[in-house]
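Report on one structure; see the data block that follows.
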Amino acid sequence: RLNSPSLDLGCNCGRHLNALSGLGFTNLHGVDISKKAIDIMTDWFPRLRKNCTVEVDFFQRYLKQVTDRYFDVVFTRGATVELVHPSFPLVDEICRVTSQFAVLVVSENTHSYPRHWIREFERNGFMLVKLLRPVKQMMDPQEYVGSSVVSLMVFYNSKV
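In terms of the working numbering, the sequence shown has 117 at position 107, counting the first letter as 1, and numbering is strictly consecutive.
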């Protein structure tokens with residue numbers, strides 16, 4: 011559904027939100043810690059702001075304020091979620107606010123706080139429905155050399 015509430019965790023300047031908006035999605039949300047990135051979003055994607063609610067905040071604080079199962083889809087691309095300290099139950103909170111799908115494109119093991127993503131989502135009733143390791147096609151071939159390998163993981167809330 012094009013009006014499904016969808017959240018980009020770590021939206022940065024909004025390139026993924028802008029792509030979704032261009033496809034007709036209208037109930038988009040983003041959160042990022044960088045005010046500068048959000049300011050750039052307004053400059054680079056001025057039409058996006060009418061279809062998108064964006065907040066500058068820590069994931070920890072933002073997620074705690076969201077109503078249970080508010081978003082149909084929560085997605086993230088990159089290091090921002092990988093840098094959340096394990097003392098915060100990140101996966102538990104993502105699952106709490108997600109009614110259908112959680113989509114992650116992350117480097118699973120090359121950062122300070124490796125998580126057992128699949129096990130943590132499954133413990134919360136989310137079933138892994140898609141796994142791509144590595145996701146080479148998402149990167150420029152020259153960018154891929156020497157960089158960390160990313161994985162795509164799609165989880166479905168099996169409690170729906």
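Glycine included, C-beta positions come from ideal geometry on N, C-alpha and C.
Whole-number beta carbon distance between residue j and residue i, since they are thought to touch under 8 Å
i: V116; j: K140; result: Not really, about 14 Å apart at Cβ, beyond 8 Å.
i: F136; j: S161; result: At roughly 16 Å, the Cβ-Cβ gap does not stay under 8 Å, so F136 and S161 are not in contact.
Test item: CB-CB of residue i and residue j under 8 Å
i: N28; j: A47; result: no
i: V72; j: Q110; result: Sequence check: residue 72 is Tyr here, not Val. Contact flag unset, no.
i: L113; j: L100; result: First, the residue type needs correcting, since residue 113 is Val and not Leu in the sequence shown. Against a cut-off of 8 Å, the Cβ pair of L100 and V113 comes out as no contact.
i: V76; j: I43; result: no
Rounded straight-line distance, which links the Cα of residue j to that of residue i
i: V83; j: F55; result: 22 Å
i: T63; j: H39; result: 5 Å
i: F98; j: V107; result: 15 Å
i: N134; j: D102; result: 7 Å
i: Q70; j: V159; result: 26 Å
i: N119; j: V94; result: 14 Å
i: R125; j: I104; result: 14 Å
i: R143; j: D18; result: 21 Å
i: Y154; j: V145; result: Annotation note: pLDDT 49 at Y154 (below 50); position unreliable, no value reported.
i: D173; j: Y80; result: Since the first residue shown for the chain is 11 and the last is 170, residue 173 is missing from the structure and cannot be characterised.
Closest by C-alpha distance to residue i, when choosing among the options
i: S31; options: D53, S44, R59; result: R59
i: P15; options: G24, T36, H26; result: T36
i: R129; options: H121, L138, Y123; result: L138
i: K74; options: G88, E132, V41; result: V41
i: Y171; options: P96, L12, F85; result: With the chain covering only 11 through 170, there is no way to say anything about residue 171.
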